[in-house]
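Take a look at the structure set out below.
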Amino acid sequence: MISFVWSPGNSLPAGTGGSENYTIGQVRELNRRGVPAQVVTIGLGADDGRREFTGIPFRSLPTVDAVGDLDGTVVFVNEPHTVDTSNPAFVILHNPPPIRERERAFLVKGTRTLALIATSHYAAALWAAYLDVDVATINVVYPFAEPCFATQLRPTKPPGRTRILFAGRLSPEKGIYTLLETLHIDVIVQDLTLTFTATTAGADKPPGKVIERLLGEHPGISMVTARTTPALMAELMAEHDIVVMPSNSQYWHETFGIVSIEAQHTGCWVIAADDGGLPETDCGGVVLVEPDNAEALAWGIRAAIDNGPFPGRYQAGTRFTVSQSVDSLIRVLERPQSPPPATIVRQLEELALAPPAERRGALPIP
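This is the structure we're talking about:
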């Protein structure tokens, strides 16, 4: 059994972020292959989001310590917790390291006992520097787009219209304020053939509520309800020509960007900030622009319009598939991992306390 342990005290929300899509997709594909896998939540009972995910096994535990009683392999999602498990445990680091020092102690302590998985090579380097570990000890398992994105039929494009979608969460780090600035750039606002749409994903959080109200008052952008399943999101993306990802690079660095590959699989151009792991998502349809720059985002949109319809959808759909991602995850879970830092420290401490006769030859001297 492979147990993906969600952040304690938090339900698994549908349609709000990449880590949720990644986790559910991995569990679904593993079970399809006959490999037992489940989502584990902490402290919520059956009110943990499972009703939104038909066919996905869930298990609720009362406390984090109860994770130690699970059989098989434990994979913490985002939050590293120090728990004695029957087999070596892992943590998938979907988010970038926090910028506040008060959060460092928890992350350093938790990751000292776990094997680390990042979602891009950029993220691996970022976390290696933050945790002061060798980047070679951090595994990389790329996210994926569900198959429905590559197979979704695109409706006939309305003549003389270019449809642009912001599909990220309504949060500052996703660059929504850069997009709002872009709506007032002359090469955008004067082009009446452009339509802009955003979803309400993330409006359940306080920042999202504020942003939703701002967008609702803006005449240049329309709001639609958040899509809570991959199939519904694929349908929405197929109704658009361009997806914008103006991720904020001042205090947040996108570790990968699942929306980017979903959009390309659906046949959309992606205009993305040239920052973080977003360059690694290029399936042939990414236009990179300077981050936090409304003018650059505007000209990126113009460049995609000048390019015409995205011609590389078929090829894009062969990259970053769920099958490739799960193959990679299984290889990571099965191969021997480097000893975590806490194990090395403990061995060195035991060696230092050992009698001199036992110390000789115990460790090779470089």
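Under this note's numbering, residue 370 is the last one in the sequence shown; the count climbs by one each step, no gaps. Backbone N, C-alpha and C fix where the C-beta goes; we use that ideal spot for every residue, glycine too. Every value quoted in this text rests on a predicted model; they were computed, and no experiment measured them.
Presumed contact (8 Å Cβ cut-off) between residue 120 and residue 79, rounded CB distance: Rounded, the Cβ-Cβ distance is 11 Å, inconsistent with contact.
Status (buried if at least 16 other CB within 10 Å, exposed otherwise) for residue 371: The displayed coordinates of the chain run from 5 to 370. Any statement about residue 371 would go beyond what the structure contains.
Residue 49, buried or exposed, once every other Cβ within 10 Å from all chains shown has been counted against 16: exposed
Cβ pair count under 8 Å reaching 3, the stretch 145-153 against the stretch 206-217: no
Short Cβ contact (7 Å threshold) for residue 1 with residue 158: The requested residue 1 is not part of the displayed model; the chain covers only 5 to 370.
Between the CA atoms of residue 288 and residue 294 - distance to the nearest angstrom: 18 Å
Three-state class that DSSP yields for residue 273 in the structure shown: strand
Identity of the residue in 192, 188, 172, 189 nearest residue 204 by Cα: 172
Any 3 or more C-beta pairs closer than 8 Å across the stretch 27-36 and the stretch 49-65: yes
Reference residue 43; option with closest CA among 8, 72, 75, 106: 8
Spatial neighbours of residue 370 in its chain, beta-carbon cut-off 6 Å, leaving aside the 5 residues before and after: Its pLDDT being 45, under 50, residue 370 is placed unreliably in this model, and the value from its coordinates should be taken loosely. Counting only Cβ-Cβ distances below 6 Å, and skipping sequence neighbours, we find nothing.
Own chain, CB closer than 7 Å to residue 108, minus 5 neighbours either side, in chain order: none
Where residue 148 sits in the DSSP three-state scheme: coil
Residue 311, DSSP secondary structure in three states: helix
Counterpart residues of residue 228 in DSSP-defined beta bridges: 203
Reference residue 12; option with closest CA among 298, 38, 138, 70: 70
Outcome for residue 10 when other beta-carbon atoms lying within 10 angstroms are tallied against a minimum of 16: buried
Inter-stretch contact (C-beta, 8 Å, three-pair minimum) for the stretch 317-332 and the stretch 250-270: yes
Identity of the residues DSSP links to residue 167 by a beta bridge: 199
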